[in-house]
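Here the structure comes first, spelled out in structure tokens, and everything after it is commentary.
Protein chains: 2
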Amino acid sequence: MNKAEKIVAKALEMFNERGIEYVGLRELAAELSIRVGNITYYFPTKDDLVDRLAQDLSRLNAQVILEEHPSLFSFLERFRKIFANHVQYRCLLLSFVHLMQQNKVLSGAYKETEKKRYSSIVTNLSSLQERGYLSLEVDTDFLVSVFTLTARFWISEASVSFAHLSPVEQINQYVTLLAKLLIPYATEKGRHDIRRFSASLES
Amino acid sequence: MNKAEKIVAKALEMFNERGIEYVGLRELAAELSIRVGNITYYFPTKDDLVDRLAQDLSRLNAQVILEEHPSLFSFLERFRKIFANHVQYRCLLLSFVHLMQQNKVLSGAYKETEKKRYSSIVTNLSSLQERGYLSLEVDTDFLVSVFTLTARFWISEASVSFAHLSPVEQINQYVTLLAKLLIPYATEKGRHDIRRFSASLES
DNA sequence: AGTATGTTTAGGACATTGTCCAAATCAGAT
DNA sequence: ATCTGATTTGGACAATGTCCTAAACATACT
Chain A
1 MNKAEKIVAK
11 ALEMFNERGI
21 EYVGLRELAA
31 ELSIRVGNIT
41 YYFPTKDDLV
51 DRLAQDLSRL
61 NAQVILEEHP
71 SLFSFLERFR
81 KIFANHVQYR
91 CLLLSFVHLM
101 QQNKVLSGAY
111 KETEKKRYSS
121 IVTNLSSLQE
131 RGYLSLEVDT
141 DFLVSVFTLT
151 ARFWISEASV
161 SFAHLSPVEQ
171 INQYVTLLAK
181 LLIPYATEKG
191 RHDIRRFSAS
201 LES
Chain B
1 MNKAEKIVAK
11 ALEMFNERGI
21 EYVGLRELAA
31 ELSIRVGNIT
41 YYFPTKDDLV
51 DRLAQDLSRL
61 NAQVILEEHP
71 SLFSFLERFR
81 KIFANHVQYR
91 CLLLSFVHLM
101 QQNKVLSGAY
111 KETEKKRYSS
121 IVTNLSSLQE
131 RGYLSLEVDT
141 DFLVSVFTLT
151 ARFWISEASV
161 SFAHLSPVEQ
171 INQYVTLLAK
181 LLIPYATEKG
191 RHDIRRFSAS
201 LES
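Line by line, the protein sequences are chains A and B.
Just so you know, the first sequence maps onto residues 1 to 203 in full-length UniProt numbering.
Just so you know, the second sequence maps onto residues 1 to 203 in full-length UniProt numbering.
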């Protein structure tokens with residue numbers, strides 16, 4: 001692990017712990033037993049460091065998005081995995097709005113991944129319709145909106161309202177919410193998959 | 001309007017414009033043609049100023065919450081009003097997570113209003129069941145969860161994804177989302193109210 | 001009117017922040 | 001061994017929120 005990676009790793013750890021805005025570069029440097037200027041050598045600005053973390057999360061999520069989702073079960077499983085990634089990089093999602101407002105590099109990069117995610121969810125939903133998991137009259141735009149809102153902010157709400165729960169319990173709370181959301185639009189085959197998914201969370 | 005109120009008004013204006021974290025007390029003072037120390041006389045810390053804004057929003061919302069909601073239409077109308085208040089104090093909601101993490105006064109106060117809102121929504125939903133607007137088998141906890149998540153973060157998502165829309169269009173977007181959410185759980189009478197509500201947004 | 005008392009304003013000090021830079025140090029190839 | 005480029009250091013800089021003292025002001029009382 002080279003110096004840049006050590007900085008990234010410790011930064012993620014401290015940012016997750018206390019929030020990006022509340023960890024000074026001098027504290028980060030002190031934890032690494034280096035000088036501040038040494039960090040700015042690898043990452044000229046704090047935003048560059050944050051951008052790097054965002055790239056790492058983006059890569060992590062891209063793997064999950066590329067997977068096939070032949071069933072409603074695996075579609076829900078996909079969100080469980082993405083939410084697990086969110087926990088790993090929770091500092092980014094907890095500062096989501098500020099980062100988008102202030103960090104041009106990040107907000108630019110997000111626009112692209114946003115489009116990809118949107119069309120990915122649309123594709124998956126219509127695929128689930130074809131395979132007989134979802135009813136044909138479902139309002140896709142509505143479902144995508146709720147999924148997007150939840151995926152973006154579930155961890156923000158959890159940090160405020162469910163801080164007493166473990167990460168896994170928090171994840172289960174919100175994937176269950178997504179599962180329940182789909183029930184009215186699911187076929188009998190779909191509802192079976194949702195029950196199977198809910199049961200898989202128990203263990 | 002006394003000095004403290006002038007400070008509060010200008011602060012809200014600038015905070016909404018550029019974000020609480022990105023407006024310095026010196027800029028605020030300059031806009032008011034006063035000195036920094038003059039602000040800290042009325043509001044010893046920046047958090048005190050933010051707390052005041054939060055109180056104002058809380059009072060504004062409390063009025064709406066106390067209203068009766070005899071129909072599904074007025075229940076949805078309630079959220080439209082609350083969302084309009086959110087727009088007026090959007091700086092607070094855009095910094096929601098940070099404020100909750102850092103500002104003890106604010107997070108303490110929020111815990112109470114959170115409970116009130118939660119039980120208020122529960123009461124309203126069961127009342128709507130009794131009045132024949134909602135089916136009796138609805139999963140109340142699920143609905144409250146989605147409503148809460150949306151009410152907290154709709155404006156954050158709108159600021160990122162729908163910045164090109166006007167405030168009213170943004171509000172309509174998300175109250176429509178809440179309305180659509182209820183459709184599967186509504187009776188025929190309820191669906192009639194939802195259609196009426198959607199139509200009322202057009203004008 | 002003059003004085004005393006309490007409120008408001010001015011102005012600056014302080015520590016902390018992210019950023020930046022020049023010099024010192026190190027490492028590896030010639 | 002020496003030169004060259006990469007790395008590290010230590011400090012300067014402006015901006016931030018906070019704090020404090022002295023001046024200015026207003027109000028009430030003698």
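Just so it is clear, CB atoms sit at the ideal spot from N, CA and C, and this is done for glycine as well.
Is the CB-CB distance between residue i and residue j below 8 Å?
| i | j | result |
| --- | --- | --- |
| residue 253 (chain A) | residue 21 (chain B) | Any question about residue 253 (chain A) goes unanswered here, given that chain A covers just 1 to 203. |
| residue 14 (chain B) | residue 8 (chain B) | no |
| residue 72 (chain B) | residue 186 (chain B) | yes |
| residue 94 (chain A) | residue 159 (chain A) | yes |
| residue 66 (chain A) | residue 92 (chain A) | no |
| residue 138 (chain A) | residue 47 (chain A) | no |
| residue 201 (chain A) | residue 79 (chain A) | no |
| residue 175 (chain A) | residue 32 (chain A) | no |
| residue 128 (chain B) | residue 136 (chain B) | no |
| residue 155 (chain B) | residue 90 (chain B) | yes |
| residue 103 (chain B) | residue 50 (chain B) | yes |
| residue 162 (chain A) | residue 153 (chain B) | no |
| residue 184 (chain A) | residue 184 (chain B) | yes |
Who are residue i's beta bridge partners in DSSP?
| i | result |
| --- | --- |
| residue 134 (chain A) | A:186 |
Assuming residue i contacts residue j under a Cβ cut-off of 8 Å, what Cβ separation, rounded to an integer in Å, is found between them?
| i | j | result |
| --- | --- | --- |
| residue 109 (chain A) | residue 62 (chain A) | So it is not a contact: roughly 12 Å between Cβ atoms. |
| residue 39 (chain B) | residue 25 (chain B) | 6 Å |
| residue 4 (chain B) | residue 42 (chain B) | 5 Å |
| residue 143 (chain A) | residue 165 (chain A) | Contact flag wrong, Cβ pair sits at about 26 Å. |
| residue 101 (chain B) | residue 132 (chain A) | Not really, about 45 Å apart at Cβ, beyond 8 Å. |
My output table needs one value for residue i: the three-state DSSP class, helix, strand or coil.
| i | result |
| --- | --- |
| residue 71 (chain B) | coil |
| residue 168 (chain B) | helix |
| residue 162 (chain B) | coil |
| residue 61 (chain A) | helix |
| residue 103 (chain B) | coil |
| residue 20 (chain B) | helix |
| residue 153 (chain B) | helix |
| residue 237 (chain B) | Summary: the structure shown does not reach residue 237 (chain B), with chain B confined to residues 1 through 203, and so no result is reported for it. |
| residue 139 (chain B) | coil |
| residue 14 (chain A) | helix |
| residue 83 (chain A) | helix |
| residue 203 (chain B) | coil |
| residue 147 (chain A) | helix |
| residue 117 (chain B) | helix |
| residue 43 (chain A) | coil |
| residue 78 (chain A) | helix |
| residue 2 (chain B) | coil |
| residue 198 (chain B) | helix |
| residue 34 (chain B) | coil |
| residue 95 (chain A) | coil |
**Report entry** Sufficient close CB pairs (3 or more, under 8 Å) joining the region 142 to 151 of chain B to the region 119 to 132 of chain B
**Finding:** yes
Report task. Check whether the region 83 to 101 of chain B touches the region 171 to 185 of chain B, counting contact only when three or more Cβ pairs, one atom from each stretch, lie closer than 8 Å. Result -> yes
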